[in-house]
Amino acid sequence: MSQIRAIRGMSDILPDETHLWQHLEREISRVLTAYGYSEIRLPVVEQTALFSRAIGEVTDIVEKEMYTFPDRNDESLTLRPEGTAGCVRAVNQHSMLNTQRKLWYAGPMFRYERPQKGRQRQFHQVGVEVFGNDSAAVEAELILLTARIWRALGIDGEVQLQLNSLGDQPSRKRYKAALVEYLRSVEEQLDEDSRRRLDSNPMRILDSKSASTQALLAQAPSLLDYLDDESSAHFARLRELLDANGIEYVVNPGLVRGLDYYNRTVFEWVTDSLGAQGTICGGGRYDGLVEQLGGKPTPAAGFAMGLDRLVLMMQACGTSVPVPMADVYFVAAGDAAQTMAFRLAETLRDVLASKTIVVHCSAGSFKSQMKKADKSGATVAVILGDNELDQQAATVKKLRSDDKDNQQNSVPFAELAGVISELIQKEDP
Ligand code: HAM
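Counting with my numbering, you get residues 844 to 1272 for the letters of the sequence shown.
So, in structure tokens, the structure goes:
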């Protein structure tokens, strides 16, 4: 029979990579907790209208990347392509906006994009959102905490921060008009996608991938020249806070982001080490979104980082992450010995709750079982056979000791837990 395979762009994460993922998730959650953020867990499926309203009808995500389907009741549902919309829906729905809120979430997101290295159809994000504070200090804190995460992951030497300000709505409108006027004058020379966007979403042309369009954009008016005074002051304050904390950045006036909800600050962390998919984290301020989704007017800012890309970067940078190994490995010859191995292992697990205790479950010669024990990385093997059962004492063999004279001992079953905990402490403190 033919084999059923995973869907294109939706990958399994196999055991020899999961320890990297667990390390990454632990470090991120540790840093976020240290900055006072609380975790929120959100559904993977939402009403389609939530995303079209939040992300924008004429964005790539809503136009062509969403997994949208009718449920059995003919309601249009969508697998979340990002987390901000769902998070805003949740804070509105649960009236969580009375105090300033600092939230984070993690999980899979879904976009129907062309899969390639660093670009998946099911990918994973950690997102962070702050509600109820309109100061640049919020953005500075968000950026500082991401910089701390990069250091914790050992990838800080490979990333660059890019910043821009989109200003407020009226200033953006003025800029858009000037941009369109300029682009109309060179319309013939634009790539096809950009020509199409000229009517629907001209600001997105700024991050066109076409080299010839980028060359034309060098002469285009700059967003920063159109900023309103308040947005300018806001942006200056953010840069002052980053400078004071030694965070390096480049201001990129072409950075506009692919989602429509932003105003004022937008930022991305980018890297050259992943090829074309070089953005590992992106976000910004989105003061209008809470109200746009039916809540009371509330300023907000946030970002999301792509975990799949961070894992690739950790691999590229050789970040060292300890691979989990067994601590104790039980080897047993015969059914009666295996039964005893199970009982003894359970008592050991009661005492050594944080250690990994493996019982060899299949049959196999003594020699092949010992080979497995060695490969497991265990500090000690506990060996049980007829002799050991007769004497009610296990043979305990140190597998990593240099002390050649003292590698194997007979230990009464009743003393096994105590002796092994001491041994493990000594050999692998
Ligand atoms: P985004 O820029 O669309 O922003 O996605 C954030 C990050 O998710 C990207 O920088 C990238 O690392 C990762 N990512 C996006 N698409 C893919 C993909 N197909 N495969 C692998 N990784 C991907 C947002 O999603 C906003 N919700 C961020 C935000 C939160 N803004 C404010 N608050």
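By construction, the Cβ of each residue, glycine as well, lies at the ideal position given by its N, Cα and C atoms.
- Query: Among S1211, A1144 and A1159, which has the Cα closest to the Cα of Y1172?
  - Reply: Walking along the sequence shown from the start, residue 1172 turns up at place 329. When each option's Cα is compared against that of Y1172, the closest is S1211.
- Task: Please report how far the alpha carbon of E882 lies from the alpha carbon of Y948, in whole angstroms.
- Result: One-based indexing of the sequence shown puts residue 882 at position 39. One-based indexing of the sequence shown puts residue 948 at position 105. Inter-residue distance for E882 and Y948 is about 6 Å (C-alpha atoms, whole angstroms).
- Do you know how far the Cα of F953 is from the Cα of Q965? As a first step, residue 965 must be located in the sequence shown, where it is residue number 122. As a first step, residue 953 must be located in the sequence shown, where it is residue number 110. Distance between the alpha carbons of Q965 and F953: 5 Å.
- Query: Which residues in the same chain have their Cβ closer than 6 Å to the Cβ of M853, if we skip the five residues on either side of it in sequence?
  - Reply: By 1-based counting over the sequence shown, the position of residue 853 is 10. Only residues of its own chain outside the window of five on either side were considered, and among them R964 and Q965 have a CB closer than 6 Å to the CB of M853, listed in chain order.
- Could you spell out the range, first to last residue, of the alpha helix (DSSP H) harbouring G929? Counted from its first residue, the sequence shown places residue 929 at position 86. Element bounds for G929: T927 to Q936.
- Query: Taking C-beta to C-beta, are L863 and V1154 nearer than 7 Å?
  - Reply: Against the sequence shown, residue 863 aligns to sequence position 20. Against the sequence shown, residue 1154 aligns to sequence position 311. Contact flag set, yes.
- F1209 beta carbon less than 7 Å from that of A1176: Counting from 1 along the sequence shown, the entry for residue 1176 is found at position 333. Counting from 1 along the sequence shown, the entry for residue 1209 is found at position 366. Going by C-beta atoms, A1176 is nearer than 7 Å to F1209.
- If you drop the 5 nearest sequence neighbours on each side, which residues of the same chain put their C-beta closer than 7 Å to that of Y910? Here residue 910 refers to the residue found at position 67 when the sequence shown is read from its first residue. Only T921, L922, F953 and Y955 meet the Cβ criterion.
- Item | K1139 versus V1133: straight-line alpha-carbon distance, rounded | By 1-based counting over the sequence shown, the position of residue 1139 is 296. By 1-based counting over the sequence shown, the position of residue 1133 is 290. Per the coordinates, the alpha-carbon of K1139 lies some 7 Å from the alpha-carbon of V1133.
- For H967, count neighbouring C-beta atoms within 10 Å of its own C-beta (all shown protein chains included) and say buried if the count is 16 or more, exposed if not. Taking the sequence shown and counting its residues from 1, the one referred to as residue 967 is at position 124. The residue in question, H967, is buried, as its Cβ has 16 or more Cβ neighbours within 10 Å.
- Query: For G1131, which of Q1005, L987 and N976 has the nearest alpha-carbon?
  - Reply: In the sequence shown, counting from the first residue as 1, residue 1131 sits at position 288. Of Q1005, L987 and N976, the smallest CA-CA separation from G1131 is found for N976.
- Q963 beta carbon near the ligand HAM (any heavy atom closer than 6 Å): As a working note, residue 963 is residue 120 in the sequence shown. Because some heavy atom of the ligand HAM lies under 6 Å away, the Cβ of Q963 counts as near it: yes.
- Task: Determine the extent of the alpha helix (DSSP H) in which Q1012 is found, giving its start and end residues.
- Result: Along the sequence shown, read from residue 1 onward, the residue named residue 1012 stands at position 169. For Q1012, the enclosing alpha helix (DSSP H) starts and ends at Q1012 to S1028.
- Item | T1162: first and last residue of the uninterrupted alpha helix (DSSP H) it sits in | Taking the sequence shown and counting its residues from 1, the one referred to as residue 1162 is at position 319. No alpha helix (DSSP H) holds T1162; DSSP gives it neither H nor E.
- Message: Do L875 and G929 count as a contact pair if the criterion is CB distance below 7 Å?
- Response: Residue numbering aside, residue 929 sits at position 86 when the sequence shown is read from its first letter. Residue numbering aside, residue 875 sits at position 32 when the sequence shown is read from its first letter. Against a cut-off of 7 Å, the Cβ pair of L875 and G929 comes out as no contact.
- Same chain only: Cβ atoms within 7 Å of P1255, ignoring 5 sequence neighbours per side: In the sequence shown, counting from the first residue as 1, residue 1255 sits at position 412. Counting only Cβ-Cβ distances below 7 Å, and skipping sequence neighbours, we find Q1235 and A1236.
- Message: Does E1111 come out as helix, strand or coil in the three-state DSSP assignment?
- Response: Taking the first residue of the sequence shown as position 1, residue 1111 is located at position 268. Secondary structure at E1111: strand, using DSSP grouped into helix, strand and coil.
- Message: According to DSSP, simplified to helix, strand and coil, what is I898?
- Response: One-based indexing of the sequence shown puts residue 898 at position 55. Helix at I898.
- Which first and last residues belong to the beta strand (DSSP E) in which E1258 is found? Position 415 of the sequence shown holds residue 1258. Careful: E1258 lies outside any beta strand (DSSP E) and carries neither H nor E.
- Limits of the beta strand (DSSP E) - the one that H1227 falls within: As a first step, residue 1227 must be located in the sequence shown, where it is residue number 384. A small correction: the amino acid at residue 1227 is Leu; His does not occupy that position in the sequence shown. Run containing L1227: V1223 to L1227, per the beta strand (DSSP E) assignment.
- Query: Exposed or buried, what is R851 when buried is set at 16 or more other beta-carbons lying within 10 Å of its beta-carbon?
  - Reply: Counting from one through the sequence shown, the residue named residue 851 turns up at place 8. Around the CB of R851, fewer than 16 other CB atoms lie within 10 Å, so the residue is classed as exposed.
- Give me whichever residues DSSP pairs with V981 in a beta bridge. Position 138 of the sequence shown, counted from the start, is the residue given in the question as residue 981. Per the DSSP secondary-structure output, V981 pairs with nothing in a beta bridge.
- Item | Between the CA atoms of K1218 and P1167 - distance to the nearest angstrom | By one-based count along the sequence shown, residue 1167 stands at place 324. By one-based count along the sequence shown, residue 1218 stands at place 375. Approximately 12 Å between the Cα atoms of the pair.
- Consult DSSP for V1093 and reduce its assignment to one of helix, strand or coil. Your numbering for residue 1093 matches position 250 in the sequence shown. In the structure shown, V1093 falls within a strand segment according to DSSP collapsed to helix, strand and coil.
- Message: If the criterion is Cβ atoms closer than 7 Å, does the pair A1260 and L1242 meet it?
- Response: Residue 1260 sits at position 417 when you count from the first residue of the sequence shown. Residue 1242 sits at position 399 when you count from the first residue of the sequence shown. No.
- Message: When you compare the CB positions of D1170 and T1199, do they come within less than 7 Å of one another, or not?
- Response: Here residue 1170 refers to the residue found at position 327 when the sequence shown is read from its first residue. Here residue 1199 refers to the residue found at position 356 when the sequence shown is read from its first residue. Their beta carbons are under 7 Å apart, which means D1170 touches T1199 by this criterion.
- Message: Considering only DSSP beta bridges, list what P858 is partnered with.
- Response: The count along the sequence shown starts at 1 and reaches residue 858 at position 15. Bridge partners of P858: none, in fact.
- Message: Considering only the alpha carbon of each residue, which of T1222, A1257 and D1229 lies closest to K1240?
- Response: What you label residue 1240 is simply residue 397 of the sequence shown in a count that begins at 1. When each option's Cα is compared against that of K1240, the closest is T1222.
- Task: May I ask you to check if the CB of F1185 is nearer than 6 Å to at least one heavy atom of the ligand HAM?
- Result: Working through the sequence shown from its first residue, we reach residue 1185 at position 342. No, the ligand HAM has no heavy atom inside 6 Å of this Cβ.
- Item | Nearest residue (CA-CA) to E1001, options S1163, M1157, E1265 and V1164 | Residue mapping note: residue 1001 aligns to position 158 of the sequence shown, counting from 1. Per the Cα distances, M1157.
- In chain order, what residues of the same chain have a beta carbon less than 6 Å from the beta carbon of Q1120, not counting five sequence neighbours either side? Taking the first residue of the sequence shown as position 1, residue 1120 is located at position 277. Beyond the five residues adjoining it in sequence on each side, Q1120 comes within less than 6 Å, by CB distance, of G961 and R962 in the same chain, given in chain order.
- Hey, could you find the ends of the beta strand (DSSP E) R923 is sitting in? Within the sequence shown, residue 923 is the residue found at index 80, counting from 1. No beta strand (DSSP E) holds R923; DSSP gives it neither H nor E.
- Message: Pairs of beta-carbons, one from the segment 1006-1017 and one from the segment 1096-1111, closer than 8 Å: are there three or more?
- Response: Yes, the segment 1006-1017 is in contact with the segment 1096-1111.
- Message: Between the segment 969-984 and the segment 1136-1150, can you find at least three pairs of beta-carbon atoms closer than 8 Å?
- Response: The segment 1136-1150, when compared against the segment 969-984, does touch it at the 8 Å Cβ threshold.
- Task: Put I847 into one of helix, strand or coil per three-state DSSP.
- Result: In the sequence shown, counting from the first residue as 1, residue 847 sits at position 4. If DSSP states are grouped into helix, strand and coil, I847 belongs with coil.
- Query: Any heavy atom of the ligand HAM within a distance shorter than 6 Å of the CB on E925?
  - Reply: Position 82 of the sequence shown, counted from the first residue, corresponds to residue 925. For the ligand HAM, at least one heavy atom lies less than 6 Å from the Cβ of E925.
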